[in-house]
Amino acid sequence: MSDTEWKKSSRSAQASNCVETAERGGFPVIRDSKDPAGPWLRLSDGAFGRFIQGIKLGEYADR
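UniProt numbering applies: residue 1 is where the sequence shown begins, and numbers increase by one.
Right, here's the structure in full:
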């Protein structure tokens, strides 16, 4: 997936313990920035929206 443009929050600065997002085949995908060559997860638009909402609500803050 080297041709994929991965993005992460500007709040993460240079940290490598972040979730990165991209679009692949018309679907949102996410991966762990600590392992850029590792697996990624494709989500439906609805699941991605719920994931982002959970981040905004702090549901994943302690994980």
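A virtual CB, placed ideally from N, CA and C, is assigned to each residue, including glycine.
- A distance below 8 Å separates the beta carbons of residue 32 and residue 38.
- Counting along the chain, the unbroken alpha helix (DSSP H) around residue 47 starts and ends at 45-56.
- Residue 20 sits buried, since 16 or more C-beta atoms from the chains shown fall within 10 Å of its C-beta.
- Per DSSP, residue 40 is one residue of the beta strand (DSSP E) stretching across 40-42.
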